[in-house]
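In this text, residue positions in the sequence shown follow numbering that gives the first Met the number 0: the first is 0, and each later residue adds one.
Beta carbons: idealized from backbone N, C-alpha and C, even for Gly.
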Amino acid sequence: MNTITIHFQNPEGTAGARAVEARIGRTLMQAAVDGGVTAIAADCGGLLSCATCHVIVPPEWQPRLPGPAGDELDMLEMTAAPREAGSRLSCQIVLSAELQGLVVRLPTTQY
Ligand code: FES
């Protein structure tokens, strides 16, 4: 199997979860854009210079993701919605088989 399912929750983290099939090796941002998740703006196309691909990873998934690198941590200061403990830039998360069923929450805004 070379695809996994990602679940995007609305900003309230409740109803409105949207499931997207994504190829392993793509980034979470690419999966969102390809899957029509319009709340992921991704203005810079994954160049780590816009912070409009912000997502929040819930606590139960945080240990299963590689942590953010320094450049991502710097750009996380630029998110429009308040940064949270689980905030990540989805263009920096590369999908792997271990992330089957990953759940992320969308922020209230990207601007
Ligand atoms: S798409 Fe611009 S920082 Fe992620």
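{"query": "As assigned by DSSP and simplified to three states, the class of E20", "result": "strand"}
{"query": "Between the CA atoms of A21 and F7 - distance to the nearest angstrom", "result": "12 Å"}
{"query": "First and last residue of the uninterrupted alpha helix (DSSP H) at Q29", "result": "27 to 33"}
{"query": "Nonlocal neighbours in the same chain, by C-beta distance under 7 Å from N1, ignoring five residues either side", "result": "R22, I23"}
{"query": "Check whether M77 and C52 have beta carbons under 8 Å apart", "result": "no"}
{"query": "Where G75 sits in the DSSP three-state scheme", "result": "At residue 75 the sequence reads Leu, which differs from the Gly that was named. Helix."}
{"query": "Beta-ladder partner(s) of Q99, from DSSP", "result": "Per DSSP, none; premise fails for Q99."}
{"query": "Stretch pair the region 50 to 67 + the region 88 to 99: three plus CB contacts closer than 8 Å", "result": "yes"}
{"query": "Closer than 7 Å: D42 CB and nearest the ligand FES heavy atom", "result": "yes"}
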